[in-house]
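K.L.:
Structure provided below as structure tokens; questions to follow.
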Amino acid sequence: DVAEPALSMFLTDKGSWDKINHIEKVDWLRTEIEKLLNTLKITNWEVENGTMNELHFDLVYKYLSEARFWLGFELQRIREESNK
């Protein structure tokens, strides 16, 4: 709801971040997180000088997965409210 305009540069197919509705924003965020998760699954992380270790990788993956999960709950909430 209070995203910086810089996010709109990623929305080339929809236009400005300010012009899309809440459902489209949630759906877009879930899609972008899914892309990141898929990239993380296939990325071969090379640990150099302890900058990225398995624990950090697991935490990044976990938190992105949780964020996508909660955005799914938000879509479900919206769906249930619209059916009332």
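Residue numbers (our numbering): 165 to 248. Positions of the beta carbon are idealized from the N, C-alpha and C atoms, including for glycine.
Thinking C-beta only, is Arg-232 closer than 8 Å to Ile-197?
P.N.:
yes
K.L.:
Do you know offhand how far Leu-223's Cα is from Glu-230's?
P.N.:
10 Å
K.L.:
Suppose contacts are defined by Cβ-Cβ distances below 8 Å. Is Leu-204 in contact with Tyr-227 by that definition?
P.N.:
no
K.L.:
Could you spell out the range, first to last residue, of the alpha helix (DSSP H) harbouring Ile-242?
P.N.:
218 to 246
K.L.:
Measuring only the C-alpha atoms, how far is Leu-239 from Ser-246?
P.N.:
If I take the Cα positions, the gap works out to 11 Å.
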